[in-house]
Amino acid sequence: MDTPKHQAGFVNIIGKPNVGKSTLMNILVGERLSIITSKAQTTRHRIIGLTNSDNYQIVFSDTPGMLKPQYELQKNMMSFVNISLEDADIILFVTDLYETDADIEHVIEKINESGVPVLLVINKIDLAKPGQLEEITTYWTSRIKSELVIPISAGEKFNTEKILQEILDRLPEHPAFYDKAELSDRSERFFASEIIREKIFENYKKEIPYSSEVSIEDFKVKKNIISVRAIIYVERDSQKGIIIGDKGAALKKVGIQAREELEKFFGKKVFLETFVKVEQDWRKNKLKLKKFGYDPT
Numbered sequence: 006m007d008t009p010k011h012q013a014g015f016v017n018i019i020g021k022p023n024v025g026k027s028t029l030m031n032i033l034v035g036e037r038l039s040i041i042t043s044k045a046q047t048t049r050h051r052i053i054g055l056t057n058s059d060n061y062q063i064v065f066s067d068t069p070g071m072l073k074p075q076y077e078l079q080k081n082m083m084s085f086v087n088i089s090l091e092d093a094d095i096i097l098f099v100t101d102l103y104e105t106d107a108d109i110e111h112v113i114e115k116i117n118e119s120g121v122p123v124l125l126v127i128n129k130i131d132l133a134k135p136g137q138l139e140e141i142t143t144y145w146t147s148r149i150k151s152e153l154v155i156p157i158s159a160g161e162k163f164n165t166e167k168i169l170q171e172i173l174d175r176l177p178e179h180p181a182f183y184d185k186a187e188l189s190d191r192s193e194r195f196f197a198s199e200i201i202r203e204k205i206f207e208n209y210k211k212e213i214p215y216s217s218e219v220s221i222e223d224f225k226v227k228k229n230i231i232s233v234r235a236i237i238y239v240e241r242d243s244q245k246g247i248i249i250g251d252k253g254a255a256l257k258k259v260g261i262q263a264r265e266e267l268e269k270f271f272g273k274k275v276f277l278e279t280f281v282k283v284e285q286d287w288r289k290n291k292l293k294l295k296k297f298g299y300d301p302t
C-alpha cells in the first residue's frame, strides 16, 4: 500500500503594523495566540501557531509589523521579519485598503527576490468604497510578485477559508515539524506575558504601552490553579506611577482583566501577582533587550 501523502511547511504572515495579521493568524490557527489591539506594533516577537490534521501540518508565523526601525527594539523586531523571509515555504503578505509600500520598499524587494510563493491578502474589504478594492489590487500587484490575490475581512471572518485551501494547494510534502498535540512552539510563560502586555495596551495611552515589557518571574502549575508572578518593566519612574495609578487602581484593573483572560486561555483558575519596576531605556539597550528575549539569532 502507498503511504498517504503528508504535507508540512512554514507559512509566514508579513505586513505593515495594524493591517490585521494577528487577527488572521488567530483565525487560521483556531486559537488566540497573538495580541490583538487597535494600537500598532503590538506584536514584538515572531509567534508560531500550528494547524494540524492527519494529512498536514501548517506552521503559521505571525511577525511584527514591517516599519523603518527608529531604535534597538524595532531593529530586533524587524530582524524577526527578515528571518521569516528566509525559512518560508509560503508567504502571506497582508495589507488593507489604506496602506502603501512607503518605508518597506526594501522588504518588498527581498520578498520579490526570494522565489517563495506569495499570496497577497487584502484585508478589511468590508469597509471598501465602490472601486476601492480594484484600485488597491492594481496598486499592490504592481509591487508584489504574488501568485494570487485574496480579498478578505478578518474581522468578519469573510473568505478566510480560501486562504487555507490555497496554502494546502502549495504546501510541500514533508513530515510534521512539531508534535501535533501542540498549538505553538512558545511556552506557557510567553503567552502569560503576552496576555498581560495586551491589557497594558488596552488600558494606557501614548508611550506607556510601547515603553512596557512583561517578564514572568514565577509560573507554577498545580492541579486546579496556576500561580503567576509577573513584573511589568517601564523605562522611567514617571511611567511606573502611571502604570500603578492612584492607590494602585490602574494596576489592579490590569491585573483583574489579565487574570480573567489567562483563565480563559489556560482553562484553569489563575492567581496573578503583578509588580512594576523601572529598567532605564531598555528599548535602546542591546543587552537589556537580550534579557527580555529580543535576540532572534
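Under our numbering, the first residue of the sequence shown is numbered 6, with each subsequent residue one higher. Each residue gets a CB set at the ideal place from its N, CA and C atoms; glycine is no exception.
Residue range of the beta strand (DSSP E) that residue 63 falls in?
Where residue 63 is concerned, the enclosing beta strand (DSSP E) stretches over 61 to 67.
Taking its Cβ as the centre, do 16 or more other Cβ atoms sit within 10 Å of residue 24, making it buried, or is it exposed?
Residue 24 is buried by the Cβ-count criterion.
To the nearest angstrom, how far is it from the Cα of residue 109 to the Cα of residue 228?
C-alpha separation (whole angstroms): 48 Å.
Can you tell which of 218, 224, 223 has the C-alpha that lies nearest to the C-alpha of residue 287?
Closest option to residue 287, Cα to Cα, is 218.
Thinking residue 131 and residue 163 are a contact (beta carbons under 8 Å), I'd like their distance in whole angstroms, please.
That pair is a contact at about 7 Å.
Within the continuous beta strand (DSSP E) that includes residue 237, where are the two ends?
It spans 230 to 239 - the beta strand (DSSP E) in which residue 237 sits, taken as one unbroken run.
With the cut-off set at 9 Å, would you say residue 275 and residue 267 are in Cβ contact?
Yes, the pair counts as a contact, with Cβ atoms nearer than the cut-off.
What residue from 264, 138, 216, 192 has the CA that sits closest to residue 283's CA?
For residue 283, the nearest C-alpha among the options comes from 216.
Using DSSP's beta-bridge definition, name the partner residues of residue 14.
Answer by DSSP bridge pairing, in chain order: 63.
Write down the C-beta distance between residue 15 and residue 94 rounded to the nearest angstrom, noting that I regard them as a contact closer than 8 Å.
Yes, they are in contact, since the Cβ atoms of residue 15 and residue 94 sit about 5 Å apart, within 8 Å.
What three-state label does DSSP hand residue 31 in the structure shown?
Three-state result, residue 31: helix.
Taking only three categories from DSSP, how would you classify residue 279?
The answer is strand: DSSP assigns residue 279 an E or B state.
Could you tell me the distance, in whole angstroms, from the CA atom of residue 255 to the CA atom of residue 207?
If I take the Cα positions, the gap works out to 12 Å.
Classify residue 39 as buried or exposed, calling it buried when 16 or more other Cβ atoms lie within 10 Å of its own Cβ.
Legend: pLDDT at residue 39 = 48, less than 50; position of this residue unreliable, no value from coordinates given.
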